[in-house]
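Numbering of the sequence shown is given in the working numbering, commencing with residue 2 and proceeding in unit increments.
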Amino acid sequence: MRYLVTHRTRYDYETEVPFSRHQARLTPRECVGQRCLEHEVSVEPSPAALERRVDYFGNPTASFTVETPHQRLLITARSLIERSSTTSAVADTTPWEAARDLWRSPTLEVALAAGEFCFDSPLVARGRAFAAYALPSFAPGRPFLAAVLDLTSRIHADFRFAPLSTTVATPLERVLEERRGVCQDFAHLHIACLRSLGLAARYVSGYLETEPPPGKARLIGADASHAWIAVFCPGLGWIELDPTNDVVPSTRHLTLAWGRDYTDVSPLRGILVGSGGHRLTVAVDVERVGETGQDHPASPGDTGQ
């Protein structure tokens with residue numbers, strides 16, 4: 002599949018801003034099953050300086066400075082992405098305890114690469130409550146894939162998708178108690194549960210192609226930024242899971258960046274000189290623009306970064 006993704010972010014400030022500096026992660030990363038064929042970012046007003054780099058987790062990152070006084074900042078990212086299937090049925094996997102015990106062998110290269118995703122991060126702290134919620138899915142000796150898929154399904158069934166019910170600052174303990182939130186919360190909760198059992202899990206940000214109701218036209222800008230997770234399985238690598246929709250991500254999931262949690266992959270962040278508040282407007286459009294050739298079969302996970 003090929004998709005054209007347009008991601009527009011607009012800041013309207015109450016007072017004039019003479020200077021601002023921003024960091025953007027709006028370039029889709031290259032990974033198994035995905036290629037970014039074209040990408041461009043426009044900024045209004047035009048930045049005085051723009052720098053590009055790859056961050057610690059391998060995500061393309063751009064930093065730019067706006068020195069023109071402004072009351073509105075508009076950032077538009079357009080990307081042409083080619084996505085092919087990377088999933089296939091797996092009859093069985095190792096018991097989940099093998100993944101937990103993997104990190105006790107620090108000489109293994111894979112342990113060094115993935116083990117850092119076992120620990121606490123700014124928005125995801127391990128805890129007994131998360132382990133207790135996860136344990137019914139992780140019976141002793143249960144195959145890894147069956148256990149993590151069961152946990153994904155339980156989060157989908159037990160938690161209600163409720164826009165505006167939380168913010169990025171909402172504690173995960175409250176999400177667990179109130180059983181509601183948005184995709185960001187469900188991804189963080191999923192990660193907290195897995196890490197609390199000693200498993201390696203990372204946060205994935207990106208886009209999801211949505212489908213209009215039967216008989217309705219597709220609405221421009223109706224698609225949204227999305228979040229899901231990946232968990233590391235010995236022998237398979239990173240397996241992606243979407244607890245919001247209870248699916249294994251496929252060709253409709255487009256990866257932007259990944260890290261320990263949302264703080265590592267936020268699409269935009271910055272600092273400015275000025276006073277007063279601001280209003281943020283974000284619109285995302287994911288348009289399917291063509292079919293690619295034969296999908297390339299692979300395992301549910303990748304053994305990349």
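Don't be surprised by glycine CBs; every beta carbon is placed ideally from N, CA and C.
query: DSSP-derived helix/strand/coil call for residue 16; result: strand
query: Rounded straight-line distance, which links the Cα of residue 97 to that of residue 189; result: 20 Å
query: Length of the line joining the Cα atoms of residue 251 and residue 149; result: 17 Å
query: Outcome for residue 272 when other beta-carbon atoms lying within 10 angstroms are tallied against a minimum of 16; result: exposed
query: Beta-carbon proximity check, residue 5 vs residue 81, cutoff 9 Å; result: yes
query: Same chain, Cβ closer than 6 Å to residue 257, five either side skipped, listed in chain order; result: 29, 206, 207
query: N-terminal and C-terminal residue of the beta strand (DSSP E) that residue 204 is part of; result: 202–209
query: For residue 79, three-class secondary structure by DSSP; result: strand
query: Separation of residue 32 from residue 45, as counted between CA atoms; result: 30 Å
query: Where residue 134 sits in the DSSP three-state scheme; result: helix
query: Rounded straight-line distance, which links the Cα of residue 238 to that of residue 90; result: Reliability of the predicted coordinates at residue 90 is poor, the pLDDT of 48 falling under 50, and the value obtained from them is presented with this limitation in mind. Looking at the two C-alpha atoms, the distance is approximately 15 Å.
query: Closest by C-alpha distance to residue 51, when choosing among 58, 25, 34, 36; result: 25
query: Residues near residue 39 in its chain [Cβ-Cβ closer than 6 Å; skip 5 each side]; result: 81
query: Buried or exposed by the 16-neighbour rule on C-beta atoms within 10 Å, applied to residue 1; result: In the structure as shown, the chain begins at 2 and stops at 306. Residue 1 is therefore absent and cannot be evaluated.
query: Residue 31 (DSSP reduced to helix, strand or coil); result: coil
query: C-beta atoms of residue 131 and residue 201 nearer than 9 Å; result: no
query: Residue 139 in three-state terms, based on DSSP; result: coil
query: Extent of the continuous beta strand (DSSP E) run through residue 154; result: Counting along the chain, residue 154 falls outside any beta strand (DSSP E), though it belongs to the alpha helix (DSSP H) covering 145–159.
query: CB contact below 9 Å: residue 16 versus chain B; result: No chain B appears in the structure shown, which is made up of a single protein chain.
query: Three-state secondary structure assigned by DSSP to residue 84; result: strand
query: Nearest neighbour of residue 234, chosen from 242, 228, 74 [CA to CA]; result: 242
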